[in-house]
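Engineer:
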Amino acid sequence: MKLNERSLAFYATCDSPADNCGFLYKRGERHTAYHRRWFVLKGNMLFYFEERDSREPVGVIVLEGCNVELCDSAENFAFAIRFGGSKSRTYVLAAESQEAMESWVKSLSRASFDYMRLVVRELEKQLQEMSRGLPGGCSQDAPDPWKPKPSGLEQCRERLPALPAVPPKENGCAVWNNALEAEERPPDTSGHDEEGALRPPPLPPRRRASNGSGTASAVAQSPSTFCRLHEQYSREVARLRQDWQQKRRGSQP
1 MKLNERSLAF YATCDSPADN CGFLYKRGER HTAYHRRWFV LKGNMLFYFE ERDSREPVGV
61 IVLEGCNVEL CDSAENFAFA IRFGGSKSRT YVLAAESQEA MESWVKSLSR ASFDYMRLVV
121 RELEKQLQEM SRGLPGGCSQ DAPDPWKPKP SGLEQCRERL PALPAVPPKE NGCAVWNNAL
181 EAEERPPDTS GHDEEGALRP PPLPPRRRAS NGSGTASAVA QSPSTFCRLH EQYSREVARL
241 RQDWQQKRRG SQP
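The opening position of the sequence shown corresponds to residue 1 in the UniProt record's numbering, with each subsequent residue numbered one higher.
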């Protein structure tokens, strides 16, 4: 694999944020002695410098196709970066504390593109489960993210049930249909409807007082007013019922 040294040096020392950085002890390839180096992790590339203020890195490790694992070494808090293949080199590093070692092992294990590819596949799988309404999803009917949301008025119309038909009212009371029809057409005194069948007796007309406030106060003050009204309407209903019965007897052959 060919790398441009100038591009790598610029990338290692530029102001782009690093995933991890700090001092580690690196064991030599030929000699087993450990040297203290400044390491900077950016993406899947691990740069190491002789000093923290060095302008160019001493080397770089491309973290692809490798495994990061703990190992036994003369130094404490040691771990190794192993690549596949019999001729591949193994990098042995050692941290200065247990916390630093755990941090480096975690960040190095997640630096490769293979790991990122697995994370993306897992996220895509979870998204498909949520959209299909499987037990791993949030709901059975997942909303379409591209569908426009209904306005507040449309939401209110969807939530409100259909209202039943309400008959017209007069002074707060429902009016019968036959009373409305009687206003639209002239009265028929024959006692029969359009199909020739006998109609029920009409309802007594509503009486309206000339002075509503005085009548309301009189009704509220005198308990016997209701009794007088009841007797008056009872006599009127009885008279209308008697007239209707006479007309019915007269129409029968």
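For each residue, glycine too, the CB sits at the ideal point set by N, CA and C. Quick caveat, the model's predicted, so the values are computed rather than measured.
Compute the Euclidean distance between the alpha carbons of LEU70 and ALA80, then round it to the nearest angstrom.
Structural biologist: Straight-line Cα distance between these residues: approximately 6 Å.
Engineer: Which one of LEU118, PHE77, THR90 and GLU29 has the shortest CA to CA distance from GLU99?
Structural biologist: Answer by Cα proximity: PHE77.
Engineer: Considering only C-alpha positions, which residue in the set ARG89, GLU102, MET101 and THR13 is nearest to VAL58?
Structural biologist: The option with the nearest alpha carbon to VAL58 is THR13.
Engineer: Starting from the Cα of VAL62, find the closest Cα among SER112, VAL119 and ARG52 and give me that residue.
Structural biologist: That would be SER112, whose Cα lies nearest to the Cα of VAL62.
Engineer: Can you look up GLY43 in the DSSP assignment and give me helix, strand or coil?
Structural biologist: Residue state, collapsed to three classes: coil.
Engineer: Using DSSP's beta-bridge definition, name the partner residues of LYS26.
Structural biologist: Its beta-bridge partners are HIS35 and LEU93.
Engineer: Return the residue from the list LEU127, CYS66, VAL92 and ASP72 that minimises the CA-CA distance to SER109.
Structural biologist: Closest by alpha carbon: CYS66.
Engineer: Verify whether the separation of the beta carbon atoms of GLU56 and ALA9 is less than 8 Å.
Structural biologist: In this structure, ALA9 lies closer than 8 Å to GLU56 by Cβ.
Engineer: Buried or exposed: where does MET101 fall if 16 or more other Cβ atoms within 10 Å of its Cβ makes it buried?
Structural biologist: Classification for MET101: buried.
Engineer: Could you tell me which residues DSSP puts in a beta bridge with GLY133?
Structural biologist: DSSP output for GLY133 lists no bridge partner at all.
Engineer: Quick check on the burial criterion: 16 or more other C-beta atoms within 10 angstroms. Buried or exposed for TYR115?
Structural biologist: Burial call: exposed.
Engineer: What residue range does the beta strand (DSSP E) around PHE79 cover?
Structural biologist: 78-83 is the extent of the beta strand (DSSP E) around PHE79.
Engineer: By Cβ distance below 7 Å, which residues in the same chain neighbour ARG27 in space, the five residues on each side in sequence not counted?
Structural biologist: These residues qualify, in order along the chain: TYR34 and VAL92.
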